Amino acid sequence: MKKTTNSKDAFIKNSFEIKKAHTFAEKIQQLIASYVSKQQVSEQYNTQVLADAFAFQSIPEIGYSEEEFIEELAKKLLPYTTYVGTPNFIGHMTTALPNFIPEVASLVATLNQNVVKIETSQAATFYERQAIAMLHELMYENTETFYHEHIHNIDSTLGIVTSGGTIANISALQCARNRMFPHMEKTGNNTGKIGVVICSELGHYSLKKAMGILGLGSDQLVIVPTDAHNKIRIDLLEKAIQNCQELEQHIVALIGIAGTTECGSIDPLEAMAALAATHDIYFHVDAAWGGPTLLSDKYKPLLKGIEKADSITIDGHKQLYLPMGIGVVLFKNPTTSESIEKESEYIIRKTSIDLGKRSIEGSRPFHSFYVQAGFKLLGKQKYAWLIEKGIETAREMATYVETLQDFELLTAAETNIFLYRCLPKSIHSNEDSIITDITKMNNKINVFNKAIQQKQMKQGNTFVSYTTVALEKYNKQKIVGLRVVVANPLITLAHFKKSIEEQRTLASTIESNL
Ligand SMILES: *Cc1c(COP(=O)(O)O)cnc(C)c1O
71 MKKTTNSKDA FIKNSFEIKK AHTFAEKIQQ LIASYVSKQQ VSEQYNTQVL ADAFAFQSIP
131 EIGYSEEEFI EELAKKLLPY TTYVGTPNFI GHMTTALPNF IPEVASLVAT LNQNVVKIET
191 SQAATFYERQ AIAMLHELMY ENTETFYHEH IHNIDSTLGI VTSGGTIANI SALQCARNRM
251 FPHMEKTGNN TGKIGVVICS ELGHYSLKKA MGILGLGSDQ LVIVPTDAHN KIRIDLLEKA
311 IQNCQELEQH IVALIGIAGT TECGSIDPLE AMAALAATHD IYFHVDAAWG GPTLLSDKYK
371 PLLKGIEKAD SITIDGHKQL YLPMGIGVVL FKNPTTSESI EKESEYIIRK TSIDLGKRSI
431 EGSRPFHSFY VQAGFKLLGK QKYAWLIEKG IETAREMATY VETLQDFELL TAAETNIFLY
491 RCLPKSIHSN EDSIITDITK MNNKINVFNK AIQQKQMKQG NTFVSYTTVA LEKYNKQKIV
551 GLRVVVANPL ITLAHFKKSI EEQRTLASTI ESNL
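Residue numbers (the working numbering): 71 to 584.
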């Protein structure tokens, strides 16, 4: 018989034909089973070893055997990735996924729809529009008639699915910019007028990216200080608006944050919306993190006023418990995004329903399918349970920190994120008898906490992240906080206690070097 293993035909058959009994799939399944059987965040590592493991740049001439490929994954890659699904990982917004996701992912990959245009997606286009409408209703609670009119109307855009919150924020600000400077989309900024965007000091760094990309300039982000609860100060916001007006700067948008990345706080959206209305300013709410809080009737009031926003960003890959690569920007008015519409001859024609007309991205995966799967398989009720569990566990942990002498709670758990820090023994046991210089003391504690976090991460058993925020409590001095994010519903107070224990042990080794 003719040997065909290396022939083109065999390659095409073996690599593209869908097989019923898929041994490769079984091997991958084994790999996954061993990965998720661990509780630890990752194996101990150092970056040099990881760099050396992947330091060869040539594309393999023949290609690995499946066994060789799997072996490389098992030995060099997977053990050193971050196991974001373990309940010992309590420091980031990236977290565990419901266990139906891998099957849904396999469907998304197999269908490989390109939702940029109807010709490569057909029903998927309408399925995506339905997902957007569900999110829109969650945020804006419009009437049946409204949704009936706009859900599949070619000229209406209730929202745009993006790869994440960053692109969603950019899309929203692009609409805001075009509202203020209608010529900019086509002719650029040739007026010399300055356009500013206002947000609190806890605004996400994607806003700076947006300002740069949109030609407004990242320095034109006007930062308003936050209060003791890490919410934008309305009195200072009013002053900032007045100041911009006096300087004849054009206010492109005001941005409220519903769930700050740093500590989960929520801006006073209602008051901000009122100010935006008074001054006729475009109001955007960045609810990338906190948006899904609306799924819980119990905690929904925290976001009061969000329904007045001209646009809202929400991330699917955060609190909707969906895989990486899903953001959405929603528009109160279905024609707001007309100003960013583009056409081309072969796709996204003016009269088509192509989703690519108004999105920054071109070819785009059918990731809205995950939103559909999440909403339809979990329903509002189970999502509410997840949201409530996260907030309540975080509050339980924060209360626990308050009982500890060697730790300090830095921010309250308004939602499911809070900051705290470890205090060196010399400070909490008052060996330095009188602390004369608080600034100096805090600088010392900052270094101490950063060191703890770094060591904890490298050990790989448990994980919390760290961030630096200017706290009202310390006269706006920048304080390093250990950051807890509770999204994974399997995280309990016991996991947090284990992390605290580890930090205590690390603290005693670091203390001697302070
Ligand atoms: C995560 C986040 C973003 C950015 O979203 P990506 O999906 O990472 O691009 C923007 N704003 C807030 C408040 C966020 O938490």
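Just so you know, even glycine gets a beta-carbon here, dropped at the ideal spot from N, CA and C.
Because the structure is a prediction, the values reported are computed rather than measured.
Burial state of residue i, where buried means 16 or more other Cβ atoms lie within 10 Å
i, result
"Leu286", "buried"
"Lys567", "exposed"
"Asn84", "exposed"
"Ile82", "exposed"
"Phe477", "buried"
"Ser569", "buried"
"Pro371", "exposed"
"Thr383", "buried"
"Glu589", "Missing from the structure shown is residue 589; the chain here goes from 71 to 584 and no further."
"Glu87", "exposed"
"Leu576", "buried"
"His354", "buried"
"Val267", "buried"
"Ser578", "exposed"
"Val322", "buried"
"Ile561", "buried"
"Lys546", "exposed"
"Ala91", "For Ala91, the pLDDT reaches just 45, beneath the cut-off of 50, and the residue's location in the model is therefore unreliable, leaving the point undetermined."
"Thr156", "buried"
"Glu572", "buried"
"Phe126", "exposed"
"Glu332", "buried"
"Gln118", "exposed"
Spatially closest choice to residue i from the options, by CA coordinates
i, options, result
"Glu581", "Leu339, Pro494, Ile570, Glu542", "Pro494"
"Met394", "Gln475, Glu415, Gly234, Gln573", "Gly234"
"Asn300", "Leu291, Met281, Leu317, Gly326", "Gly326"
"Glu484", "Ser496, Ile497, Gly460, Thr506", "Gly460"
"Thr195", "Leu143, Val556, Ala454, Arg434", "Arg434"
"Met204", "Val471, Lys543, Phe445", "Phe445"
"Tyr544", "Lys510, Asp356, Ile423, Glu572", "Lys510"
"Asp367", "Tyr391, Asp337, Lys452, Lys108", "Lys452"
"Tyr217", "Arg199, Thr232, Val231", "Arg199"
"Gln290", "Leu324, Asn260, Thr296", "Leu324"
"Val111", "Phe439, Lys528, Asn259, Ala564", "Lys528"
"Pro168", "Ser438, Ile423, Leu390", "Leu390"
"Ala344", "Ser270, Tyr470, Gly258, Leu307", "Leu307"
"Val550", "Ala564, Leu479, Thr506, Ile497", "Leu479"
"Leu364", "Ile457, Asn76, Asn512, Leu101", "Ile457"
"Leu448", "Gln127, Ile171, Val119", "Ile171"
"Glu255", "Ile423, Glu173, Ser409", "Ser409"
"Val398", "Leu563, His222, Glu141, Val441", "Val441"
"Thr373", "Ala328, Ser414, Thr406", "According to the sequence displayed, residue 373 carries Leu and not Thr. Of the candidates Ala328, Ser414, Thr406, the one whose C-alpha sits nearest the C-alpha of Leu373 is Ala328."
"Phe439", "Ala193, Phe159, His565, Glu542", "Ala193"
"Asp380", "Tyr369, Gly361, Pro295, Leu400", "Leu400"
"Pro404", "Leu120, Ser191, Cys245, Ala482", "Cys245"
CB contact check: residue i to chain C, cutoff 8 Å
i, result
"Gly229", "This model lacks chain C altogether, as it is built from one protein chain only."
Do the stretch 457-465 and the stretch 481-496 meet, that is, are 3 or more Cβ pairs less than 8 Å apart?
yes
Let me have the residue list for ligand 1: C-beta closer than 7 Å to any non-hydrogen atom, ordered along the chain.
Met163, Gly234, Gly235, Thr236, Ile237, Asn239, His274, Ser276, Ile327, Gly329, Thr330, Thr331, Asp356, Ala358, Trp359, Thr383, Asp385, His387, Lys388, Gly397
Report yes or no: do three or more beta-carbon pairs, one from the stretch 275-292 and one from the stretch 216-228, lie closer than 8 Å?
no
Inter-stretch contact (C-beta, 8 Å, three-pair minimum) for the stretch 284-298 and the stretch 204-215:
no
Three-pair Cβ contact test at 8 Å for the stretch 541-560 versus the stretch 157-176:
Touching, per the Cβ criterion.
Counting beta carbon pairs with one atom in the stretch 290-307 and one in the stretch 320-339, are three or more of them shorter than 8 Å?
yes
So, does the stretch 421-438 touch the stretch 526-534, judging by three or more C-beta pairs under 8 Å?
no
Give a yes or no on contact between the stretch 172-182 and the stretch 142-162, applying the rule of three or more CB pairs nearer than 8 Å.
no
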